[in-house]
Amino acid sequence: MSRHWSPEPAFAVLVVCTGNICRSPLAERLGRAYLDDRLGEDADLVRLTSAGVGAVVGSAMHPDSALVLQGYGGDPTGFVARQIIEGMAIDADLTLTLTRAHRRRVLELAPRALSRTFTLREAAALVDLLRDVDVPGEDLADRARALVREMNGARSRRQAGEGDDVRDPIGQPVEVHEEIGAAIAEALIPLLDRIAGLHRSAHDEAHDPDAA
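Anchor point for the sequence shown: position 133 equals 133 in full-length UniProt numbering, and the numbering is continuous, going up by one each time.
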């Protein structure tokens, strides 16, 4: 049975690759480490998960990708790969895929998630295009969802292409995993920085004369 998307208190980000053992878990756990540092006790306002379109279900992260993740301050402990299902994409406020093929597969499962599904590099480029755009909302989740709507509306402002894909490092030497880790970080961190920047703490609200 299809599930209907509805807002949650946290802003939910889903990252998708093929096996869910290299690229998407690296992005998930790297993003988690960054948000924990950036938002502190409010880090749970953004929920990060990952899945694969052909997941090695039940597996831990690939050891080389886990090593790269640790180099960025992330923690691979306890990660378990899982297969994407329709409900994951429906429930996500933002789905980030590592390639255009992954994006197509997600949308085959959940066509209604079209407006909230982007490749990682596409999303990063769109957020950069929208860097001077203010978004409305009562809290981080509201403002982040408004940002995603702006991103969807701005798709026509750039040309998608193979440069939007982050290649699969599976079966490659650790140097390739390092290269892929750098590519993921380059796109993901500015995107999460923009999302985290939409947060205003209770202290900020209390000391803002315009907040009423």
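Every residue gets a Cβ at the ideal spot worked out from N, C-alpha and C, and that includes glycine.
Next on the checklist: Would Val127 pass as an interface residue toward chain C - the criterion being a Cβ-Cβ separation below 8 Å?
Outcome noted: Of the chains in the structure shown, none is chain C; there is only one protein chain.
Item to check | Three-way DSSP call (helix, strand, coil) for Ala196 in this model | outcome: helix
Checklist entry - Where DSSP assigns a beta bridge to Gln83, which residues make up the other side? => result Gly52
Next on the checklist: Rounded to the nearest angstrom, what separates Asp44 and Ala10 at their Cα positions?
Outcome noted: 7 Å
Checklist entry - What does a CB cutoff of less than 8 Å around His102 pick up in its chain, not counting 5 residues either side in sequence? => result Val16, Cys17, Thr18, Val53 and Thr119
Next on the checklist: With a threshold of 6 Å on Cβ separation, who are the neighbours of Ala33 within its own chain once the five nearest residues in sequence on each side are excluded?
Outcome noted: Gly73 and Gly74
Next on the checklist: If you reduce the DSSP assignment to three classes, tell me which class Leu69 lands in.
Outcome noted: helix
Next on the checklist: Quick check on this structure: which residue in His177, Asp193, Pro190 and Leu198 has the alpha carbon closest to the alpha carbon of Pro63?
Outcome noted: His177
Item to check | Alpha-carbon to alpha-carbon, Arg29 and Met61 | outcome: 10 Å
Item to check | Residues near Ala123 by beta carbon distance below 8 Å, same chain, minus five either side | outcome: Leu94, Leu96, Met151, Ala187 and Leu191
Item to check | Assigned exposure category for Pro111 - 16 Cβ within 10 Å defines buried | outcome: exposed
Next on the checklist: Assuming the contact rule is C-beta atoms closer than 8 Å, residue 223 and Ala89 should be a hit. Round their C-beta distance to whole Å, please.
Outcome noted: No information on residue 223 is available, as it lies outside the stretch 1 to 212 that the chain covers here.
Item to check | Beta-carbon gap between Asp91 and Ala12 smaller than 8 Å | outcome: yes
Item to check | Supposed contact pair Ala154 and Leu198 - C-beta distance, whole angstroms, cut 8 Å | outcome: Going by Cβ atoms, the distance from Leu198 to Ala154 rounds to 17 Å, so no, they are not a contact pair.
Checklist entry - Just curious, the alpha helix (DSSP H) that Ala125 is in, first and last residue? => result Leu120 to Leu129
Checklist entry - What is the residue span of the alpha helix (DSSP H) that Val106 lies within? => result Arg100 to Leu109
Item to check | Straight-line Cα distance separating Asp132 from Gly58 | outcome: 42 Å
Checklist entry - Apart from the five residues on each side of it in sequence, which residues of its chain come closer than 6 Å, Cβ to Cβ, to Pro25? => result Ser50, Met61 and Phe79
Next on the checklist: With the cut-off set at 8 Å, would you say Leu39 and Ala196 are in Cβ contact?
Outcome noted: yes
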